[in-house]
Amino acid sequence: MRITSLALPLLLALPTLAFAQASPTGRWKTIDDETGQAKSIVEITRAGNGTLTGRIVELLDPSRPNPTCDKCRDDRKDKPITGMEIIRGMKPDGGSWSGGTILKPDEGKVYKSKMELVENGAKLKVSGCIAFICKSQLWERI
Numbered sequence: 183m184r185i186t187s188l189a190l191p192l193l194l195a196l197p198t199l200a201f202a203q204a205s206p207t208g209r210w211k212t213i214d215d216e217t218g219q220a221k222s223i224v225e226i227t228r229a230g231n232g233t234l235t236g237r238i239v240e241l242l243d244p245s246r247p248n249p250t251c252d253k254c255r256d257d258r259k260d261k262p263i264t265g266m267e268i269i270r271g272m273k274p275d276g277g278s279w280s281g282g283t284i285l286k287p288d289e290g291k292v293y294k295s296k297m298e299l300v301e302n303g304a305k306l307k308v309s310g311c312i313a314f315i316c317k318s319q320l321w322e323r324i
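In this note's numbering, the protein residues as written are 183 to 324.
Okay, structure coming up:
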């Protein structure tokens with residue numbers, strides 16, 4: 183009887199765990215597509231309107247202390263990069279998320295973006311495009 187009372191909560195939690203893995207919400211280690219080095223920790227959350235947003239919660243080995251987005255041209259200009267919202271307006275699109283933007287703070291450029299979970303939710307493929315030029319990165323769930 184004791185084993186069943188312990189197993190029941192675990193069985194009830196399985197759908198929640200599966201759903202968590204089917205969503206990009208949570209914390210991700212960003213990996214630079216050119217160097218293969220980890221650059222930051224981004225936390226993706228769901229906004230009240232159902233879209234996804236993402237903020238840099240930690241910079242890993244920044245080039246200078248407390249960097250700001252001096253190359254940004256929008257409301258993020260000269261704001262601290264740590265805490266900055268870099269993903270905006272991502273909407274569900276079948277098995278992926280699109281329709282939003284992603285900012286690359288070191289360039290100050292905003293890209294049209296698309297995200298897709300890969301490797302059973304362990305990684306997030308994040309793509310950013312300007313015109314026909316696209317780049318993608320694989321982020322790791324932490």
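The C-beta atom is built at its ideal place from N, Cα and C for all residues, glycine as well.
Residue i and residue j: beta carbons closer than 8 Å?
i: residue 279; j: residue 273; result: yes
i: residue 247; j: residue 263; result: no
i: residue 126; j: residue 290; result: A query on residue 126 cannot be resolved here, the shown segment of the chain reaching from 183 to 324 and no further.
i: residue 257; j: residue 251; result: no
Of the choices the options, whose alpha-carbon is the least far from that of residue i?
i: residue 282; options: 275, 271, 289; result: 271
i: residue 212; options: 232, 243, 230, 205; result: 243
i: residue 206; options: 259, 268, 241, 235; result: 235
i: residue 284; options: 237, 209, 303, 276; result: 237
i: residue 315; options: 292, 322, 260, 221; result: 292
i: residue 232; options: 275, 313, 304, 288; result: 275
i: residue 209; options: 219, 304, 312; result: 304
i: residue 265; options: 241, 221, 288, 253; result: 241
Excluding the 5 residues flanking residue i on each side, which residues of the same chain have their C-beta closer than 8 Å to its C-beta?
i: residue 318; result: 215, 307, 308, 309, 310
i: residue 300; result: 306, 307, 320
Who are residue i's beta bridge partners in DSSP?
i: residue 307; result: 298, 320
i: residue 313; result: Paired residue(s): none; residue 313 is not in a bridge.
i: residue 220; result: 213
i: residue 227; result: 235
Given residue i, which residues of its chain have a CB within under 6 Å of its CB, disregarding the five upstream and five downstream residues?
i: residue 239; result: 223, 225
i: residue 295; result: 282, 283, 284, 310
i: residue 267; result: 235, 237
i: residue 269; result: 235, 236, 284
i: residue 312; result: 293
Closer than 7 Å by C-beta to residue i: which residues in its own chain qualify, once you throw out the five before and the five after it? Chain order, please.
i: residue 327; result: As displayed, the chain neither begins before 183 nor continues past 324, which places residue 327 out of reach and without an answer.
query: Which runs of the beta strand (DSSP E) fall wholly inside the segment 240-301 and span at least 3 residues, in chain order?
result: Fully enclosed beta strand (DSSP E) runs of 3 or longer: 267-275, 278-286, 291-300.
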